[in-house]
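A short write-up of the structure that comes next.
Numbering (the working numbering), first residue to last: 44 to 572.
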């Protein structure tokens, strides 16, 4: 046993048990020698360091061995032990430096075999770490170089080959990545990162291929990537739900969403999607309860409050949505929540303004809006009102003010086109329509307005093409005034195009979409609006 506190304690314990005899006498001599040696701080640091590194106790080891090496830089045993201590702490770079130095100092040391083994291990994992860091930083050539060096250091370990596969995958070299991952698995069937790499490769190629490959894996490997398998299942179910939603099969879509939620019970957005489908299927109470439960689990979670706010505002419960947002500390507000809160506040103002206008007091409504902080939404509302009352000059000025703030605002651009069409200025109207950009006109309502503008310009083929796209969408939507207006205007266009039977069909569909019957007073608004 090397001289240390532990060896002194062992001798003292021996003498307590065997205090007499020649062996005890020898033990006392040895104890005296060791105690004397340990009085020297340098010797004590060296001996304690060597003993600690042998036992794997690195708490004080490095400091003790550093003192020993500083006292005698030619002490190869201390230098090698310091390298071993660094290795035990995971400090690969310092371990490599000290072990290399020890071997160079004493190539014939009895510790040479241990040093060589430790040097190879630390050099290998240092190169792996350097490769990982380079890969993370996007330095693919450097990463490849590190992994290749690591492979030359140890051709029996799988992680260097795994790294080469990751580099190939990052370069979109799927065939090379597949070969490396498969080679890594041949070296180590338990390398779950290689399994994950192959799963992601196959998923990028085809979800079906990935699912089939995963299904054929041994149980342990399959369990190691169960998150990928769940994600693939979720993606497949999401596509099914979207297809059902696009056809208006809301109850069936909700059942698929339930299956998705079972895979990820805490998902905020799957819960939100399920609630929306339930509302569309006429199950409002269940949807409300679902969203309440979701947000009540973590009422201070910004994402949950935001999702709940979207749901509530989409179901005419703006005040409740605002109350939930107000209960969230301002420090927790995200950009999405700030944007939603601002929209809901402006919705409240616009509701009040529209009530005043509907009661015949448009001047008061305009005054209310003008008292609010300036916003594009308010400016658009004032422009739309001016257009509707036939004040073309004011409407044009208001729309142009919006466009000075947002050059790509599709509402303002379409509003100008509609004003110019009403005045008979088709060239000016066409100029505005031609400046419309796709992203600004993607909504069904905007497409409806574009179709009407095209029809007004005489571009009947373009108008028909747009109606052909949005009528099926409107029919698949839950009953709403937006879908009803699409079907109403499609009916009017069909009448103008000489297709009275199709027009009649669309009028009937519009009534269903708006939730009215032929005896409802709202039919007048729908047919004449």
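Where a beta carbon is used, it is the ideal one built from N, C-alpha and C, also for glycine.
C-beta atoms of residue i and residue j nearer than 8 Å
i: residue 224; j: residue 208; result: yes
i: residue 122; j: residue 157; result: no
i: residue 536; j: residue 506; result: yes
i: residue 371; j: residue 338; result: no
i: residue 290; j: residue 533; result: no
i: residue 268; j: residue 286; result: no
i: residue 230; j: residue 204; result: yes
i: residue 399; j: residue 411; result: yes
i: residue 161; j: residue 196; result: no
i: residue 333; j: residue 297; result: no
i: residue 237; j: residue 201; result: yes
i: residue 191; j: residue 177; result: no
i: residue 425; j: residue 409; result: yes
i: residue 54; j: residue 73; result: yes
i: residue 331; j: residue 361; result: no
i: residue 574; j: residue 466; result: With the chain covering 44 to 572 only, the question about residue 574 has no answer from this structure.
Cutoff 6 Å; reference residue i; Cβ partners in own chain excluding five residues on either side
i: residue 323; result: 293 and 521
i: residue 530; result: 517, 549, 552, 553 and 556
i: residue 545; result: 537
i: residue 570; result: In this prediction, residue 570 has a pLDDT of 40, which is less than 50 and means its spatial position is unreliable; what the coordinates show is noted afterwards. Result list for residue 570: empty, nothing under 6 Å.
i: residue 42; result: This structure does not reach residue 42, given that the chain is present from 44 up to 572, and the question cannot be answered.
i: residue 357; result: none
i: residue 455; result: 442, 445 and 446
i: residue 480; result: 451
i: residue 316; result: 300
i: residue 146; result: 158
Simplified DSSP state of residue i, which is helix, strand or coil
i: residue 120; result: helix
i: residue 468; result: coil
i: residue 288; result: helix
i: residue 57; result: helix
i: residue 509; result: helix
i: residue 480; result: coil
i: residue 146; result: helix
i: residue 413; result: helix
i: residue 254; result: helix
i: residue 302; result: helix
i: residue 356; result: helix
i: residue 374; result: helix
i: residue 368; result: helix
i: residue 63; result: coil
i: residue 541; result: coil
i: residue 260; result: coil
i: residue 244; result: helix
i: residue 215; result: coil
i: residue 515; result: helix
i: residue 552; result: helix
i: residue 277; result: helix
i: residue 400; result: helix
i: residue 499; result: helix
i: residue 520; result: coil
i: residue 535; result: helix
i: residue 208; result: helix
i: residue 233; result: coil
i: residue 197; result: coil
CB contact below 8 Å: residue i versus chain C
i: residue 55; result: Of the chains in the structure shown, none is chain C; there is only one protein chain.
Contacts around residue i, its chain only, beta-carbon distance under 7 Å, and the 5 residues preceding and following it disregarded
i: residue 13; result: Outside the modelled stretch of the chain, which goes from 44 to 572, sits residue 13, for which no answer is possible.
i: residue 299; result: 280, 283, 284 and 287
i: residue 492; result: 457
i: residue 363; result: 355
i: residue 136; result: 169
i: residue 214; result: 183
i: residue 429; result: 437, 438 and 441
i: residue 139; result: 162, 165, 166 and 169
i: residue 318; result: 330, 333, 334 and 354
i: residue 174; result: 186, 189, 190, 193 and 206
i: residue 469; result: 500
Contacts around residue i, its chain only, beta-carbon distance under 8 Å, and the 5 residues preceding and following it disregarded
i: residue 212; result: 220, 240, 243 and 244
i: residue 380; result: 345, 348, 349, 352, 368 and 371
i: residue 117; result: 148
i: residue 478; result: 456
i: residue 248; result: 217
i: residue 343; result: 371, 372 and 375
Residue i: CB within 7 Å of a non-hydrogen atom of the ligand PLP
i: residue 479; result: Although the ligand PLP was asked about, the structure shown includes no ligands whatsoever.
- Do the segment 467-483 and the segment 509-516 meet, that is, are 3 or more Cβ pairs less than 8 Å apart? no
- Message: Counting beta carbon pairs with one atom in the segment 460-467 and one in the segment 485-499, are three or more of them shorter than 8 Å?
- Response: yes
- Task: Examine the Cβ distances between the segment 263-282 and the segment 246-254 and report whether three or more of them are shorter than 8 Å.
- Result: yes
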